[in-house]
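This report concerns only the one structure given below.
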Amino acid sequence: MSTTESLAPVDLPPSSAGAPLPRVFADEERLLIAYLVNVPDPAFDGSNARSVSPATGDQSVAILAAEPYLAVQFGPPNDEAIAGHRLYGLGLRPYSAFEVRNSSWVESFEKANRVHPSHFPELFSGYRHFILTFHDSTVEFFARDFSVSVRQGAVLAALVQAIGN
Numbered sequence: 011m012s013t014t015e016s017l018a019p020v021d022l023p024p025s026s027a028g029a030p031l032p033r034v035f036a037d038e039e040r041l042l043i044a045y046l047v048n049v050p051d052p053a054f055d056g057s058n059a060r061s062v063s064p065a066t067g068d069q070s071v072a073i074l075a076a077e078p079y080l081a082v083q084f085g086p087p088n089d090e091a092i093a094g095h096r097l098y099g100l101g102l103r104p105y106s107a108f109e110v111r112n113s114s115w116v117e118s119f120e121k122a123n124r125v126h127p128s129h130f131p132e133l134f135s136g137y138r139h140f141i142l143t144f145h146d147s148t149v150e151f152f153a154r155d156f157s158v159s160v161r162q163g164a165v166l167a168a169l170v171q172a173i174g175n
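Using our numbering, read the sequence shown as starting at 11 and increasing by one per residue.
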């Protein structure tokens, strides 16, 4: 690609810095990403941290849905190793969401598909590369677009409910 990659911030509900507990569901048609939203507790004095799990109820849970999507990657780096990500020098930071403009990752999928006898580059046009950085992991995906909703409950139950819809 002749144009340099760049990052643009994406406005999403901010993830919990301590334990966002991201969960990913992906099949060949849709991608769902659920995580705990950062909701400051005015009663918290900083002395007794509260432990949460994917089954802890009464949480604000963001559900990101991309349909269609083309690829997803979930795993490292975490917030302590984010400086090792190839896009860190462009402004990639933890606890944030970005769109990668002129993504070389999208380009690599189009190039790899060129061996297909019915390949046409337009198959990949319109797909956008997004990155969500959490406390212990990073999710990258490309999709044409996505929607986000916020629900109350446990992150795991919210994801299961979204899968069923």
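The beta carbon of each residue, even a glycine, is placed where N, CA and C say it ideally should be.
Asked                                                                                                                                                               : Found
Can you have a look at residue 72 and say buried or exposed, based on whether 16 or more other CB atoms are within 10 angstroms of its CB?                          : buried
For the ligand ZN, I want to know if residue 33 counts as a neighbour, meaning its beta carbon is within less than 7 Å of at least one of the ligand's heavy atoms. : Although the ligand ZN was asked about, the structure shown includes no ligands whatsoever.
How should residue 25 be labelled, buried or exposed, when 16 other C-beta atoms within 10 angstroms of its C-beta is the threshold for buried?                     : buried
Thinking residue 74 and residue 42 are a contact (beta carbons under 8 Å), I'd like their distance in whole angstroms, please.                                      : 7 Å
Looking at the structure shown, is residue 167 part of a helix, part of a strand, or coil, going by DSSP?                                                           : helix
At the level of alpha carbons, what is the spacing between residue 50 and residue 36?                                                                               : 30 Å
Based on the DSSP secondary-structure assignment, which residues constitute the bridge partners of residue 1?                                                       : Residue 1 lies beyond the residue range present for the chain, which begins at 11 and ends at 175; the question has no answer from this structure.
Taking the alpha carbon of residue 155 as the point to measure from, which residue in 174, 109 and 52 has its own alpha carbon closest?                             : 109
Does the distance from the CB of residue 44 to the CB of residue 60 come in under 8 Å?                                                                              : no
To the nearest angstrom, how far is the alpha carbon of residue 180 from that of residue 125?                                                                       : Lying outside 11 to 175, the shown extent of the chain, residue 180 is not represented and no answer is given.
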